[in-house]
Amino acid sequence: KSRIGILTSGGDAPGMNAAIRAVFRAASECNIEIVGIRRGFAGLIDGNLFLMDRSHVANIIHQGGTILGTSRSETFKTPEGRRIAADVLQNAEVDALFVIGGDGSFRGADLFNDETGIPTIGIPGSIDNDIPGTDFSIGFDTAINTALESIDKIRDTASSHGRLFFVEVMGKSSDLIAIESGIAGGAEYLILPDNKHAMDDLCSRLTQAFDAGKRYAIVVVAEGACPGCSFQIAKEVSSRISMESRVCVLGHTQRGGSPTARDRVLAAKLGVSAVNAYMKGYAGVMVGEVRRSVILTPFDKVITGRQKPEPNIIRLSHILTK
Ligand code: F6P
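If you're matching positions, the sequence shown starts at 8 in full-length UniProt numbering and goes up one per residue.
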């Protein structure tokens, strides 16, 4: 009987549990056993493994976070760490490794696959949606809806007080959460890595809006533009345009919560496709969905590529939010 080890790695993302469940159920259909690995690559190196049964994936499809736990492992970045990890899997008679995570996790997975010959397959899970080889990563849809819910609430208080609000959303190296939650939330302006110094433009845009009768405004700031410096920007803009402002950093609230239907369906598709890919003998690849088709992308392409926002969404954001 064949055995697949599964772990979640890096930042957790809503829908990871739905993906674990899908992998378990699809594997069971093919008579494959699933070994759960707790706390990502760090847990793998520590031998934190357990044989999963149906009860482990019962009642988890709607849960945020990851039942397996996660970590960012420094040891797995070393050849020695990866060798220990391979020994652990071999001792547990595990034939393949599934990694649910982001591009950082796939960097380790790529090396592991090549060095050890243990077939490794990736499933993209990250709220940032910055992984090449898939239109959407698991967790992004939930995260933008969580951000949107907060922006809508902030709009209530911003309009009551006639205030300018700066809302900082997550995305270390990606601006998609800011762009999509900003468009959906009717933000007046987006501050992204590319325009973070455009203070003159931001101030004149806000002045125009207020001159035209607007009483309040919401500016969405991408974390990647300037982590934590929303406060500085707010202070500068407030004094330049003489308008009271407040800052709200949404932070890790965006990582939690029950996954949306979109994220659960995506997790289901990719989880089942990962098992299919393994059955067909693929290794060193990530499963993704591009224009509604499931595709496999070699890890080295995933980790060297860059997922850019599609031009249409950028155009939209220029028209509607600046
Ligand atoms: O990669 C997902 C992400 O949520 C980023 O948007 C954010 O910058 C980072 O993780 C935060 O990581 P940590 O939870 O380790 O602080």
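The beta-carbon is built from N, C-alpha and C at its ideal position, and this holds for glycine as well.
Legend entry - Cβ separation of S181 and D137, assumed to be a contact under 8 Å, to the nearest whole Å: 4 Å
Legend entry - V227 and A194 closer than 8 Å at C-beta: Going by C-beta atoms, V227 is nearer than 8 Å to A194.
Legend entry - Burial state of residue 3 (16 or more Cβ within 10 Å): Summary: the structure shown does not reach residue 3, with the chain confined to residues 8 through 329, and so no result is reported for it.
Legend entry - Sequence-distant residues of its chain with Cβ nearer than 8 Å to I52 (five each side left out): So the qualifying residues of the chain are S80, T82, F83, G88, I91, A92 and V95.
Inset, instruction - Within the same chain, show all residues whose beta-carbon is closer than 6 Å to that of F172, passing over the 5 residues directly before and after it, in chain order. - result: I161, A165, I225 and R253
Legend entry - I158 to N202 span [Cα, whole Å]: 21 Å
Legend entry - Classification of C37 by the beta-carbon crowding that lies within 10 angstroms, buried from 16 upward: exposed
Legend entry - Proximity of R327 and I145 at Cβ, strictly below 8 Å: This sequence places Leu at residue 327; Arg is not what is there. At least 8 Å separates the beta-carbon of L327 from that of I145.
Inset, instruction - Could you tell me if I186 is buried or exposed, where buried requires 16 or more neighbouring beta carbons within 10 angstroms of its beta carbon? - result: buried
Inset, instruction - Return yes when the C-beta of K179 is under 7 Å from any heavy atom of the ligand F6P, and no when it is not. - result: yes
Inset, instruction - State the Cα-Cα distance for the pair residue 6 and I41, rounded to the nearest angstrom. - result: Residue 6 lies beyond the stretch modelled for the chain, which goes from 8 to 329, so this question has no answer here.
Inset, instruction - Indicate the three-state DSSP secondary structure (helix, strand or coil) for F147 in the structure shown. - result: Reduced to three states, the DSSP call for F147 is helix.
Legend entry - C255 in three-state terms, based on DSSP: In this structure, C255 counts as strand in the three-state DSSP scheme.
Inset, instruction - Report the residue from G288, P316 and A26 whose alpha carbon sits nearest the alpha carbon of P131. - result: A26
Legend entry - Uninterrupted beta strand (DSSP E) stretches inside the segment 78-143 (no shorter than 3 residues): 103-108 and 127-131
Inset, instruction - Mark R322 as exposed unless 16 or more other C-beta atoms lie within 10 angstroms of its C-beta, in which case mark it buried. - result: exposed
Legend entry - Rounded separation between H325 and G278 - CA only: 36 Å
Legend entry - Close beta carbons around K179, own chain, < 7 Å, minus the five adjacent residues each side: Correct list, in chain order: D135, E230 and G231.
Legend entry - Local conformation of L199 per DSSP, three classes: coil
Inset, instruction - Compute the minimum distance between the beta carbon of G18 and the heavy atoms of the ligand F6P, and state whether it is under 7 Å. - result: yes
Legend entry - Sheet register partners of R10 (DSSP bridge): Answer by DSSP bridge pairing, in chain order: E40.
Inset, instruction - For the beta strand (DSSP E) holding G62, just list the boundary residues, first then last. - result: Here residue 62 turns out to be Ser, not Gly, going by the sequence shown. Per DSSP, S62 belongs to no beta strand (DSSP E) and is neither H nor E.
Inset, instruction - For the segment 263-299, list the beta strand (DSSP E) runs that are entirely contained and at least 3 residues long, ordered along the chain. - result: 292-297
Inset, instruction - Using the Cα positions of A191 and F147, report the straight-line distance between them to the nearest angstrom. - result: Between A191 and F147, the C-alpha separation is close to 14 Å.
Inset, instruction - Count the other CB atoms, across all protein chains shown, that sit within 10 Å of the CB of V106; report buried if there are 16 or more and exposed otherwise. - result: buried
Inset, instruction - Determine the contact status of T15 and G47, defining contact as a CB-CB distance below 8 Å. - result: In contact: T15 and G47 (Cβ atoms closer than 8 Å).
Inset, instruction - Within the same chain, show all residues whose beta-carbon is closer than 8 Å to that of V301, passing over the 5 residues directly before and after it, in chain order. - result: Same-chain partners within the cutoff: K276, L277, S280, V294 and G295.
Inset, instruction - Specify the secondary structure class of T164 as computed by DSSP and reduced to three states. - result: helix
Legend entry - DSSP three-state assignment for P234, whether helix, strand or coil: coil
Legend entry - C-alpha gap between E251 and G235, whole angstroms: The straight-line gap from Cα to Cα measures roughly 19 Å.
Inset, instruction - My understanding is that G129 touches F113, with C-beta atoms under 8 Å, so please give their C-beta distance in whole angstroms. - result: About 5 Å separates the two Cβ atoms, so the contact holds.
Legend entry - CB contact flag (A284, L303, <8 Å): yes
Inset, instruction - Please go through the same chain and pick out, in chain order, the residues whose beta-carbon is closer than 7 Å to the beta-carbon of F31, but skip the five residues on each side of it. - result: So the list reads I41, M59 and V64, once near-sequence residues are dropped.
Legend entry - Rounded straight-line distance, which links the Cα of N66 to that of F306: The alpha-carbon atoms of F306 and N66 are separated by roughly 32 Å.
Legend entry - Rounded straight-line distance, which links the Cα of L257 to that of S133: 17 Å
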